[in-house]
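Asks: Take 1 as the starting number for the sequence shown in the UniProt record's numbering and just add one per residue. Handing you a structure now.
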Amino acid sequence: PAEDDDDDDEDFDPSVYDIGAGEAEEEEETLVGDEMLAACCVKVTNVAHKATGDDLKTFFEPCGVVIKVLRSVDVRERVAYVSFGATSGARKAVARSGEALHGEALQVLLVTE
């Protein structure tokens with residue numbers, strides 16, 4: 001490869017790297033578009049009033065990579081949506097339904113649409 005030091009990535013050769021080497025790969029369902037987004041998202045209800053988005057992210061991180069936590073501006077709604085990087089993360093999150101965060105048992109459901 002040609003030497004290039006201007007950091008524009010023109011000299012990047014991906015064949016040099018074994019991306020994902022050493023990591024166990026999980027099979028994921030083959031989904032596209034909105035189906036994939038829905039399969040990677042859970043709806044969380046019974047969220048404690050004092051639970052923040054960061055609290056929810058920390059709670060669900062053991063399930064997989066948390067991409068986004070959406071919490072209503074009106075905390076009285078007690079609902080949040082958590083998006084994961086993979087469907088396996090969402091499935092693991094559903095398995096945590098009934099576990100408590102700030103003294104409230106969370107109800108976790110897979111978003112289907």
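No residue lacks a Cβ here, since even glycine has one placed at the ideal position from N, Cα and C.
Got a sec, what are the start and stop residues for the alpha helix (DSSP H) Val94 sits in?
Replies: Counting along the chain, the alpha helix (DSSP H) containing Val94 begins and ends at Thr87 to Ala95.
Asks: If I measure Cβ to Cβ from Ser83 and keep anything under 7 Å in the same chain, skipping five residues before and after, which residues do I get?
Replies: Around Ser83: Cys40, Cys41, Ile67 and Lys68.
Asks: If you run the structure through DSSP and keep just helix, strand and coil, what is Cys63?
Replies: Assignment of Cys63 by DSSP, reduced to helix, strand and coil, places it in the helix class.
Asks: What is the DSSP secondary structure of Glu26, reduced to helix, strand or coil?
Replies: Legend: pLDDT at Glu26 = 44, less than 50; position of this residue unreliable, value from coordinates given subsequently. Note: Glu26 maps to coil in three-state DSSP.
Asks: Quick one: grab the DSSP three-state call for Leu31.
Replies: Note on Leu31: pLDDT 46, under 50, position unreliable in the model; no value is reported.
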